[in-house]
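Peer 1: Numbering (the UniProt record's numbering), first residue to last: 1 to 281.
#1: By DSSP's criteria, residue 25 is part of a beta bridge. Which residues make up the other side?
#2: Provide the residue(s) that pair with residue 67 in DSSP beta bridges, ordered along the chain.
#3: Does the region 106-120 come close enough to the region 69-83 to have 3 or more Cβ pairs within less than 8 Å?
#4: Can you name the residues that DSSP bridges to residue 130?
#5: From this set, 257, 183, 86, 178, which residue's C-alpha is nearest residue 140's C-alpha?
#6: Do residue 254 and residue 191 have their CB atoms nearer than 8 Å?
#7: Does DSSP classify residue 78 as helix, strand or coil?
#8: According to DSSP, simplified to helix, strand and coil, what is residue 255?
#9: Which residue comes first and which comes last in the beta strand (DSSP E) that contains residue 183?
#10: Please report the straight-line C-alpha distance between residue 61 and residue 32, rounded to a whole angstrom.
#11: By Cβ distance, which residues of its chain are closer than 6 Å to residue 165, with the 5 residues on each side in sequence left out?
#12: Runs of 4 residues minimum, wholly inside the region 89-128: which ones carry the alpha helix (DSSP H) assignment?
#13: Please tell me whether residue 8 has its Cβ less than 8 Å away from any Cβ of chain B.
#14: Considering only their Cβ atoms, is the gap separating residue 125 from residue 156 smaller than 8 Å?
#15: Taking DSSP as the reference, what is the three-state secondary structure of residue 56?
#16: Tell whether a beta-carbon distance below 8 Å holds between residue 123 and residue 196.
#17: Using the C-alpha atoms, what's the distance from residue 207 back to residue 7?
#18: Got a sec? Which residues, its chain only, sit under 6 Å from residue 52 by beta carbon, not counting five neighbours each side?
#19: Say whether the region 200-220 touches the region 235-248, bearing in mind that this needs 3 or more beta-carbon pairs closer than 8 Å, one atom from each stretch.
#20: Give me, in chain order, the residues of the same chain whose beta-carbon lies closer than 7 Å to that of residue 212; leave out the 5 immediate sequence neighbours on both sides.
#21: According to DSSP, simplified to helix, strand and coil, what is residue 10?
#22: Note down the Cα distance separating residue 107 from residue 266, rounded to an integer number of angstroms.
#23: Determine the closest residue to residue 268 out of 135, 228, 113, with distance taken between C-alpha atoms.
#24: Rounded C-beta distance between residue 248 and residue 256? I'm assuming under 8 Å.
#25: Do the CB positions of residue 13 and residue 29 come within less than 8 Å of each other?
#26: Helix, strand or coil, according to DSSP, for residue 234 in the structure here?
#27: Report the three-state DSSP secondary structure of residue 86 (helix, strand or coil).
#28: Count the other C-beta atoms from every protein chain shown that fall within 10 angstroms of the C-beta of residue 168, then say buried if there are 16 or more, exposed otherwise.
What follows is the structure in structure tokens.
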């Protein structure tokens with residue numbers, strides 16, 4: 001059952017991001033730091049309202065160290081807003097952290113971040129939930145411990161029940177991370193393998209700290225993915241094990257992609273080995 005939180009019990013400290021009719025704040029609730037994601041109730045977009053309630057439905061019952069904790073919803077927000085209240089991650093999205101902290105994130109720390117994300121995704125798939133919007137923007141990190149970064153999966157507004165849900169959503173903000181089968185019409189049902197493909201692109205983001213296909217226009221990206229001629233360029237200095245895993249994740253055929261249980265095991269093994277080869281970023 002989802003907890004209803006009174007708006008008066010929340011304190012907004014600062015705005016973190018704003019897009020469409022949604023604003024995310026760093027706030028306080030019962031003395032704890034939280035993230036408050038407000039959606040304007042008066043917004044006419046069915047898509048945004050559906051994403052809000054979909055996130056509530058799929059996120060509220062999840063409990064895992066590598067999934068952002070869900071605390072409750074606000075139905076009496078100021079200005080007619082509704083909101084979700086979740087765990088606050090100090091360093092924000094993985095994309096922002098890669099951009100701001102690139103020099104301090106060595107190979108071993110990047111392995112830990114990737115491994116944490118894989119653990120969180122393994123849990124979601126065990127719960128028969130496909131994230132469907134997995135990218136560095138939707139992974140959140142805490143880098144306050146210099147020895148051990150923490151990464152958690154969040155932003156489940158587009159998540160779907162595995163193999164029971166028809167694909168029906170826009171692709172503009174998700175395109176670089178979308179599996180070919182979602183774009184070429186070969187399937188109309190959600191499979192966990194689409195998340196694995198997306199994770200391959202995330203591994204490339206963690207490796208390089210860059211935005212996939214930066215500089216390419218929408219049509220070129222769409223055509224390249226559909227024709228299976230486009231993948232991000234892998235630096236020559238990339239660790240062979242990392243490269244192998246990454247390329248298996250973004251394999252054209254879904255059945256050739258590993259499961260997140262297999263991915264997590266391989267990343268755990270790589271992290272434990274503490275190999276000294278640099279990324280060459």
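In this text, a Cβ means the ideal position worked out from N, Cα and C, and glycines have one as well. As the structure is a prediction and not an experimental result, all values here were calculated from the model.
Peer 2: Let me spell this out:
#1: 15, 36
#2: 153
#3: no
#4: According to DSSP, which records beta bridges pairwise, residue 130 is partnered with 160.
#5: The candidate whose alpha carbon is nearest that of residue 140 is 86.
#6: yes
#7: Of the three classes helix, strand and coil, the one that applies to residue 78 here is helix, per DSSP.
#8: helix
#9: No beta strand (DSSP E) contains residue 183, which is instead part of the alpha helix (DSSP H) from 180-183.
#10: 20 Å
#11: Per-residue confidence for residue 165 stands at a pLDDT of 47, beneath the threshold of 50, marking its modelled position as unreliable; no derived number is given.
#12: 94-100, 107-126
#13: Annotation note: the requested chain B is absent from the structure, which comprises a single protein chain.
#14: Their beta carbons are not under 8 Å apart, which means residue 156 does not touch residue 125 by this criterion.
#15: helix
#16: Taking 8 Å as the Cβ cut-off, residue 123 and residue 196 do not qualify as a contacting pair.
#17: 41 Å
#18: Excluding positions up to five away in sequence, the list reads 39.
#19: yes
#20: 176, 201, 204, 205, 232
#21: In this structure, residue 10 counts as strand in the three-state DSSP scheme.
#22: Near 15 Å, if we compare the C-alpha coordinates of residue 266 and residue 107.
#23: When each option's Cα is compared against that of residue 268, the closest is 113.
#24: 7 Å
#25: no
#26: coil
#27: strand
#28: In this prediction, residue 168 has a pLDDT of 49, which is less than 50 and means its spatial position is unreliable; nothing more can be read from the coordinates.
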